[in-house]
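This report refers to the structure that appears directly beneath it.
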Amino acid sequence: QEIAERTRLPKPTVSRLTHTLTELGYLTYSARLSNYELGPCALALGYAAFSNLDVRRIARPMMQELANHANLNVGLGLRDRLMMLHVETCEGQGLVGLRLFPGSRTPIATTAMGQAYLSAVPEGERAAILDEVRRQHGDEWPAIRRGIERARAEIETRGFCLSIGDWHKDINGAGAVVRMPDGRGVYALSLGGPAYLATEVQMAEEYGPMLADISHRIVAQLGG
Numbered sequence: 085q086e087i088a089e090r091t092r093l094p095k096p097t098v099s100r101l102t103h104t105l106t107e108l109g110y111l112t113y114s115a116r117l118s119n120y121e122l123g124p125c126a127l128a129l130g131y132a133a134f135s136n137l138d139v140r141r142i143a144r145p146m147m148q149e150l151a152n153h154a155n156l157n158v159g160l161g162l163r164d165r166l167m168m169l170h171v172e173t174c175e176g177q178g179l180v181g182l183r184l185f186p187g188s189r190t191p192i193a194t195t196a197m198g199q200a201y202l203s204a205v206p207e208g209e210r211a212a213i214l215d216e217v218r219r220q221h222g223d224e225w226p227a228i229r230r231g232i233e234r235a236r237a238e239i240e241t242r243g244f245c246l247s248i249g250d251w252h253k254d255i256n257g258a259g260a261v262v263r264m265p266d267g268r269g270v271y272a273l274s275l276g277g278p279a280y281l282a283t284e285v286q287m288a289e290e291y292g293p294m295l296a297d298i299s300h301r302i303v304a305q306l307g308g
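FYI, in my numbering the residues of the sequence shown are 85 to 308.
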């Protein structure tokens, strides 16, 4: 009703437009607040669109601290169809790394960030995403599904998940979930880099728990 009043467009037209934009990822709808806001595809149109996100502002200092400690890439992202859109990234001081930047996209199904995200979304949304992934990957799907289910179990038991060579054979990563306390969606954190700089043992015993701790601190500062 408010959109129709502001645009002076007929309500049926507004209904069709908002439905289409939501399906394409340019809008998201909050059932709790009964309103629309920009979705990940709209955020991808330009850095300025997400430069003032509270979650990004709060997360960045913690992310940079971890990136400096681990000398690896730390990212914060949300879903853009079958990819994860990085809205913030921090790098350590190493000469070798992932070199991901705000606006970069990585696969949702095979990265620690994407698998962490999938562990936290509502079951209906998760099933729809996995159905698309299944159709896209064909014969690779059984192995990908096992990785996603393993990550979901790890998030439940440890608060973080590991991706050991799932995306690229020489890249290891850890992922954690940032659930927005106002119910407006899910973000995911990731930390990753070359396997020789980020061993499975380091990820499991040191960096993963640190990433999970950051996710809790972000949510706390957001009011959760």
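Ideal Cβ positions, reconstructed from N, Cα and C, are used throughout, including at glycine.
Would you give the residue range spanned by the alpha helix (DSSP H) that residue i belongs to?
i	result
H57	Only positions 85 to 308 of the chain appear in this structure, which leaves residue 57 out of reach.
L202	A196 to A204
L281	Element bounds for L281: n/a, residue is neither H nor E.
For the beta strand (DSSP E) that contains residue i, what are its first and last residues?
i	result
V58	Residue 58 lies beyond the stretch modelled for the chain, which goes from 85 to 308, so this question has no answer here.
E289	Unbroken run through E289: none, as it is neither H nor E.
E107	Careful: E107 lies outside any beta strand (DSSP E), inside the alpha helix (DSSP H) at K95 to L108.
E175	Neither: E175 is in no beta strand (DSSP E) and is coded neither H nor E.
E216	That residue, E216, is in no beta strand (DSSP E); its alpha helix (DSSP H) goes E207 to H221.
Closest to residue i by C-alpha separation, out of the options, would be which residue?
i	options	result
Y201	L137, G269 and R218	G269
I248	S274, V261 and T241	S274
P186	I298, T283 and H170	H170
A296	V158, P226 and R183	V158
R234	D254, T173, Q199 and D223	Q199
H103	R92, Y120, R90 and E89	Y120
A272	S118, S114, T91 and V139	V139
G267	G307, V98, P293 and I298	G307
Thinking residue i and residue j are a contact (beta carbons under 8 angstroms), I'd like their distance in whole angstroms, please.
i	j	result
M197	M167	With 8 angstroms as the limit, M197 and M167 do not qualify as a contact, their Cβ atoms being about 10 angstroms apart.
G257	G276	3 angstroms
C174	A151	4 angstroms
I302	I142	6 angstroms
Checklist line | Completely contained beta strand (DSSP E) runs for the segment 229-269, where each covers 3 or more residues | finding: 245-248 and 255-263
Notebook entry, point to check: Are at least three pairs of beta-carbons, each pair with one atom in the segment 148-166 and one in the segment 178-192, less than 8 angstroms apart?
Noted result: They touch, by the three-pair rule.
Item checked: Cβ contact check for the segment 232-245 and the segment 202-218: 3 or more pairs under 8 angstroms -> yes
Next item on the list: Determine contact between the segment 212-229 and the segment 281-297, defined as no fewer than three beta-carbon pairs at a distance below 8 angstroms.
Entry: Contact between the segment 212-229 and the segment 281-297 is absent, because fewer than three Cβ pairs lie under 8 angstroms.
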